[in-house]
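Undergrad:
Protein chains: 2
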Amino acid sequence: MTELEEYIKSYFGVKQTDLEHIVSLFKETTLKKDEYFLKTGQSCNKLSFIKSGFLRIYVTQEDKEITQWISTTGYFVTDLSSLIFETPTRWNIQALTDTELYTISKEDYQKIGNLISQWHQLEKLFIARCFTILEDRIFSHLSMTAEERYQFFFNHNKELFNQVPLQYIASMLGMTPETFSRIRKKQLS
Amino acid sequence: MTELEEYIKSYFGVKQTDLEHIVSLFKETTLKKDEYFLKTGQSCNKLSFIKSGFLRIYVTQEDKEITQWISTTGYFVTDLSSLIFETPTRWNIQALTDTELYTISKEDYQKIGNLISQWHQLEKLFIARCFTILEDRIFSHLSMTAEERYQFFFNHNKELFNQVPLQYIASMLGMTPETFSRIRKKQLS
DNA sequence: AAGCGCTCTTGATAAAAATCAAGAAATTAA
DNA sequence: TTAATTTCTTGATTTTTATCAAGAGCGCTT
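Taken in sequence, the protein lines are chains A and B.
Residues 590 to 778 (our numbering) make up the first sequence, in order.
Residues 590 to 778 (our numbering) make up the second sequence, in order.
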């Protein structure tokens, strides 16, 4: 679980004994391609760190799917709102490829707070970071055209473009696959 | 400061002595119309609860202004990212009307954590709530047309429509004032 | 290798939204 | 109250994006 340790250490700088304790609560799990991590209506009862693979967060709305995000190696996946407030989730989270995860249950996750004094502080920082990412995303919708959103996302996530179906990236950027394809053609030439 | 007390009590359910302590750290402040709460590039060093009035959060970009949000009575105003990570803010926050606030400095705010054991836990919940709101907003951009966003926002924030310039609401919903005006005309008839 | 399903591309067309420009309407100031 | 300023509306036009439809490319399976 070196990657997970590295992540927690670098982001949260907890001391070694706490770090080991936290990491020990995560178990290795896997998902086969197309299996679900979470389904609409369920309450999210786990948090996972992605060791390898891709997961797509989406909803189905009137016969079409809207992809909210694609998560991959080195990031966490969960439904924060559902995990924290114990509400039913709106999202489906499905594996786009075979996926390896380090997973902690909600119960164990909640226990950490009792064992490590600064945990809520760290959690706060983690959620605040997620908040900041969303804030940037909203701003991109208020201030950029589809083409600009494409360009910006491409510059920051080149790898993704040859590893997952492009239609999902189109959706998460708020455009149709056709528009995505036309913009892409322009950028390539 | 009854409103502020009510808010903290109902959202965070802290015990009475803690509640009084927290509230005592807030000071009454005011802003005249058009004065700034925060300006682009500054580090946000305060958190305020709005007693009365309206504040607009916006940025200037290539000669035009993009409004990110309008905050009003009964809500908090700050730049969370800047407050927590001590980074320079991208936003301007300006009073749209004369405004009364209950304001706590970053220093005092940070002190609460040392004095009230569950504070970070409560902070976490607060930020998670903000996260959820942004998540909904992104989803509205991925799944709704300008007209649908108008309708949805109108249904949930009717009051705002006759209290602040509509161009700002247009901008925060991601459309031009002209488009906003045309949609509005349709909805009125 | 042929057939199937899925993804991506392309073209034609329609719809949505932005832009530009002018003028009302409403607010604020003199 | 009138003038000045700001905000909102309207129309004409352009640009952007979505929709619809068809076909190309590609990997899988058998």
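Glycine included, each C-beta is placed from N, C-alpha and C at the ideal position.
In chain order, which continuous runs of the alpha helix (DSSP H) of length 4 or greater are located wholly inside the stretch 597 to 630 of chain A?
TA: 605 to 613
Undergrad: Return the residue from the list A:696, A:641 and A:708 that minimises the CA-CA distance to residue 634 (chain A).
TA: By one-based count along the first sequence, residue 634 (chain A) stands at place 45. Ranking A:696, A:641 and A:708 by Cα distance to residue 634 (chain A) puts A:696 first.
Undergrad: In whole angstroms, give me the CA-to-CA distance for residue 824 (chain A) and residue 751 (chain B).
TA: This structure leaves residue 824 (chain A) out entirely; chain A is present only between 590 and 778.
Undergrad: Here's the rule I'm using: 16 or more other beta-carbon atoms within 10 Å means buried, otherwise exposed. How should residue 667 (chain B) be labelled?
TA: If you number the second sequence from 1, residue 667 (chain B) lands on position 78. Result: buried.
Undergrad: Tell me which residues share the same chain as residue 742 (chain A) and place their Cβ nearer than 7 Å to its Cβ, disregarding the 5 neighbours each side in the sequence.
TA: By 1-based counting over the first sequence, the position of residue 742 (chain A) is 153. Closer than 7 Å at Cβ, skipping near neighbours: 762.
Undergrad: I'd like to know if residue 726 (chain A) contacts chain B, where contact means its C-beta is closer than 8 Å to some C-beta of that chain.
TA: Here residue 726 (chain A) is taken as the residue at index 137 of the first sequence, counted from 1. By this cut-off, residue 726 (chain A) is an interface position.
Undergrad: By the three-class DSSP mapping on this structure, what secondary structure does residue 649 (chain A) have?
TA: Locating residue 649 (chain A) in the first sequence gives position 60, where the first residue counts as 1. Reduced to three states, the DSSP call for residue 649 (chain A) is strand.
Undergrad: Quick check: the Cα distance between residue 713 (chain A) and residue 598 (chain B), rounded to an integer number of angstroms?
TA: Counting from 1 along the first sequence, the entry for residue 713 (chain A) is found at position 124. Counting from 1 along the second sequence, the entry for residue 598 (chain B) is found at position 9. Cα to Cα, residue 713 (chain A) sits roughly 20 Å from residue 598 (chain B).
Undergrad: Any heavy atom of the ligand FAD closer than 7 Å to the CB of residue 760 (chain B)?
TA: The ligand FAD is not among the ligands present in this structure, which contains no ligands whatsoever.
Undergrad: How would you call residue 777 (chain A), buried or exposed, if buried means at least 16 neighbouring beta carbons within 10 angstroms?
TA: Counted from its first residue, the first sequence places residue 777 (chain A) at position 188. Exposed, by the Cβ-count rule.
Undergrad: DSSP state of residue 706 (chain A), grouped into three classes?
TA: Here the question's residue 706 (chain A) lines up with position 117 in the first sequence. In the structure shown, residue 706 (chain A) sits in coil (DSSP, three-state: anything other than H, G, I, E or B).
Undergrad: So what's residue 778 (chain A) in DSSP terms, helix, strand or just coil?
TA: One-based indexing of the first sequence puts residue 778 (chain A) at position 189. Three-state DSSP puts residue 778 (chain A) in coil, outside helix and strand.
Undergrad: Given a threshold of 16 other Cβ atoms within 10 Å of its Cβ, counted over all protein chains shown, does residue 704 (chain B) qualify as buried or as exposed?
TA: As a first step, residue 704 (chain B) is located in the second sequence; it is residue number 115 there, counting from the start. So residue 704 (chain B) counts as exposed.
Undergrad: Any idea what DSSP makes of residue 752 (chain B), helix, strand or coil?
TA: Sequence index remark: in the second sequence, residue 752 (chain B) carries index 163 (1-based). If DSSP states are grouped into helix, strand and coil, residue 752 (chain B) belongs with coil.
Undergrad: Give a yes or no on whether the C-beta atoms belonging to residue 716 (chain A) and residue 636 (chain A) are separated by under 8 Å.
TA: Translated into the one-based positions of the first sequence, residue 716 (chain A) becomes position 127. Translated into the one-based positions of the first sequence, residue 636 (chain A) becomes position 47. No, the pair does not count as a contact, with Cβ atoms beyond the cut-off.
Undergrad: Within the chosen definition, does the stretch 681 to 692 of chain B reach the stretch 753 to 767 of chain A through at least 3 CB pairs nearer than 8 Å?
TA: no
Undergrad: Can you pull the chain B neighbours of residue 720 (chain A), defined as C-beta to C-beta under 8 Å?
TA: Counting from one through the first sequence, the residue named residue 720 (chain A) turns up at place 131. In chain order: 669, 670, 716, 719, 720 and 723.
Undergrad: What does residue 730 (chain B) reach in chain A if we use C-beta pairs closer than 8 Å?
TA: Looking up residue 730 (chain B) in the second sequence gives position 141. Residues of chain A with a Cβ closer than 8 Å to the Cβ of residue 730 (chain B) are, in chain order, 727, 730 and 763.
Undergrad: Rounded to the nearest angstrom, how far is the Cβ of residue 772 (chain A) from that of residue 735 (chain A), given a contact under 8 Å?
TA: For the purposes of this step, residue 772 (chain A) is taken as the residue at position 183 of the first sequence. For the purposes of this step, residue 735 (chain A) is taken as the residue at position 146 of the first sequence. Yes, residue 772 (chain A) and residue 735 (chain A) are in contact; Cβ-Cβ is about 7 Å, under 8 Å.
Undergrad: Count the other CB atoms within 10 Å of the CB of residue 595 (chain A); is the residue buried (16 or more) or exposed (fewer)?
TA: By 1-based counting over the first sequence, the position of residue 595 (chain A) is 6. When all chains shown are included, residue 595 (chain A) counts as exposed.
Undergrad: Tell me whether the beta-carbon of residue 683 (chain B) lies closer than 8 Å to the beta-carbon of residue 645 (chain B).
TA: Mapped onto the second sequence, residue 683 (chain B) falls at position 94. Mapped onto the second sequence, residue 645 (chain B) falls at position 56. In this structure, residue 645 (chain B) lies closer than 8 Å to residue 683 (chain B) by Cβ.
Undergrad: On the premise that residue 673 (chain B) lies in contact with residue 614 (chain B), defined as a C-beta separation below 8 Å, what is that separation, rounded to the nearest angstrom?
TA: The count along the second sequence starts at 1 and reaches residue 614 (chain B) at position 25. The count along the second sequence starts at 1 and reaches residue 673 (chain B) at position 84. Their Cβ separation, rounded to whole angstroms, is 18 Å, which puts residue 614 (chain B) and residue 673 (chain B) out of contact at 8 Å.
Undergrad: Quick one: is residue 649 (chain A) buried, meaning 16 or more other Cβ sit within 10 Å of its Cβ, or exposed?
TA: Here residue 649 (chain A) is taken as the residue at index 60 of the first sequence, counted from 1. Classification of residue 649 (chain A): exposed, given that the 10 Å Cβ count is below 16.
Undergrad: Would you say residue 767 (chain B) faces chain A, with C-beta separation under 8 Å as the test?
TA: By 1-based counting over the second sequence, the position of residue 767 (chain B) is 178. Chain A, which has no Cβ nearer than 8 Å to the Cβ of residue 767 (chain B), makes this no.
Undergrad: Give the interface partners of residue 655 (chain B) over in chain A, defined as CB-CB distance under 9 Å, in chain order.
TA: Residue numbering aside, residue 655 (chain B) sits at position 66 when the second sequence is read from its first letter. Per Cβ cutoff of 9 Å: 728, 731 and 732.
Undergrad: Just curious, the alpha helix (DSSP H) that residue 737 (chain A) is in, first and last residue?
TA: Counting from 1 along the first sequence, the entry for residue 737 (chain A) is found at position 148. Residues 735 to 745.
Undergrad: So, does the CB of residue 713 (chain B) fall closer than 8 Å to a CB anywhere in chain A?
TA: On the second sequence, residue 713 (chain B) is found 124 positions in, with the first residue counted as 1. Yes, contact with chain A.
Undergrad: Between A:738, A:678, A:754 and A:710, which has its C-alpha nearest residue 721 (chain B)'s C-alpha?
TA: Reading the second sequence from its first residue, position 132 is the one you call residue 721 (chain B). Of A:738, A:678, A:754 and A:710, the residue nearest in Cα terms is A:678.
Undergrad: In chain order, what residues of the same chain lie with their CB nearer than 7 Å to the CB of residue 729 (chain A), ignoring the 5 residues before and after it?
TA: Along the first sequence, one-based indexing puts residue 729 (chain A) at 140. Once the five neighbours on either side are set aside, the close Cβ partners of residue 729 (chain A) are 738 and 741.
Undergrad: Going by DSSP, what residues sit across from residue 658 (chain B) in a beta bridge?
TA: Within the second sequence, numbered from 1, the residue matching residue 658 (chain B) stands at position 69. B:646, per the DSSP bridge assignment.
Undergrad: Quick one: Cα of residue 725 (chain A) to Cα of residue 659 (chain B), how far?
TA: The residue labelled residue 725 (chain A) in the question sits at position 136 within the first sequence. The residue labelled residue 659 (chain B) in the question sits at position 70 within the second sequence. CA-to-CA, the gap between residue 725 (chain A) and residue 659 (chain B) works out to about 17 Å.
Undergrad: Where does the unbroken alpha helix (DSSP H) through residue 672 (chain B) begin, and where does it stop?
TA: By one-based count along the second sequence, residue 672 (chain B) stands at place 83. First-last of the alpha helix (DSSP H) with residue 672 (chain B): 669 to 674.
Undergrad: Mind reading off the beta-carbon distance from residue 691 (chain B) to residue 767 (chain B)? Whole number of angstroms is fine, and I expect it under 8 Å.
TA: The count along the second sequence starts at 1 and reaches residue 691 (chain B) at position 102. The count along the second sequence starts at 1 and reaches residue 767 (chain B) at position 178. In fact, because the Cβ distance is near 38 Å, the residues do not count as touching under 8 Å.
Undergrad: Distance, Cα to Cα, residue 769 (chain A) vs residue 756 (chain A)?
TA: Position 180 of the first sequence, counted from the start, is the residue given in the question as residue 769 (chain A). Position 167 of the first sequence, counted from the start, is the residue given in the question as residue 756 (chain A). Between residue 769 (chain A) and residue 756 (chain A), the C-alpha separation is close to 8 Å.
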